[in-house]
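Novice: Mind having a look at this structure? Questions to follow.
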Amino acid sequence: MTVVVAYSNDVYGAAALDYGVGLAAEGGDRLVVVNATRGDKLVDDRYAGSAASEDVRARLEALPFEAELRQSISPDVADEVLAVAQEVQPRMLVVGVRHRTPLGKLIMGSVAQRLILEAHCPVVAVKPTR
Numbered sequence: 008m009t010v011v012v013a014y015s016n017d018v019y020g021a022a023a024l025d026y027g028v029g030l031a032a033e034g035g036d037r038l039v040v041v042n043a044t045r046g047d048k049l050v051d052d053r054y055a056g057s058a059a060s061e062d063v064r065a066r067l068e069a070l071p072f073e074a075e076l077r078q079s080i081s082p083d084v085a086d087e088v089l090a091v092a093q094e095v096q097p098r099m100l101v102v103g104v105r106h107r108t109p110l111g112k113l114i115m116g117s118v119a120q121r122l123i124l125e126a127h128c129p130v131v132a133v134k135p136t137r
């Protein structure tokens with residue numbers, strides 16, 4: 008089986024990655040980490056640049072099970088994660104979530120919210136520890 012992690016280069020992505028690694032290790036699963044950006048900004052802090060992606064790759068290579076990092080530029084980050092989930096048919100999708108006010112949820116679209124609502128597999132939403 009496979010576990011997919013929707014990874015962003017921040018504390019929310021780190022929480023998702025930590026949980027996903029533990030989940031995959033516990034179940035003897037393959038781990039697929041998806042880091043995507045819309046590519047609409049010169050710099051997107053959530054996209055793991057070369058140094059950050061090398062750190063993630065090194066961490067994944069040190070794991071005692073199969074793990075890979077997939078990075079992409081896509082006009083819709085949620086669609087990209089959902090496409091990978093559709094391809095690999097994971098037993099679980101892990102996503103980091105942040106606190107938002109009800110008004111913030113109404114005004115701003117949320118990748119995490121779309122993943123929770125549209126994924127065809129169980130989704131675990133994790134928050135960073137304080």
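Under this note's numbering, the first residue of the sequence shown carries the number 8, and numbering increases by one thereafter. Ideal Cβ placement from N, Cα and C applies to all residues, glycine included.
Using the three-state DSSP reduction, which class does A22 fall into: helix, strand or coil?
Specialist: DSSP places A22 in helix when its eight states are reduced to three.
Novice: Which residue's Cα is closest to the Cα of P109: Q120, G103 and L100?
Specialist: Out of Q120, G103 and L100, Q120 has the C-alpha closest to the C-alpha of P109.
Novice: Going along the chain, which residues of its own chain have a beta-carbon closer than 8 Å to the beta-carbon of I123, five neighbours each way excluded?
Specialist: So the list reads V102, V130 and A132, once near-sequence residues are dropped.
Novice: Tell me L100's beta-bridge partners as DSSP assigns them.
Specialist: The partner list for L100 (beta bridge, DSSP) reads V11 and V130.
Novice: May I ask which residues mark the beginning and end of the alpha helix (DSSP H) holding R77?
Specialist: Segment A74 to I80 is the beta strand (DSSP E) holding R77; no alpha helix (DSSP H) there.
Novice: If distances are taken between C-alpha atoms only, which option among V84, Q96, H106 and G35 comes closest to E73?
Specialist: E73 has its Cα closest to that of G35, out of V84, Q96, H106 and G35.
Novice: Express the C-alpha separation of L76 and A92 in angstroms, rounding to a whole number.
Specialist: Spanning the two alpha carbons is a distance of roughly 13 Å.
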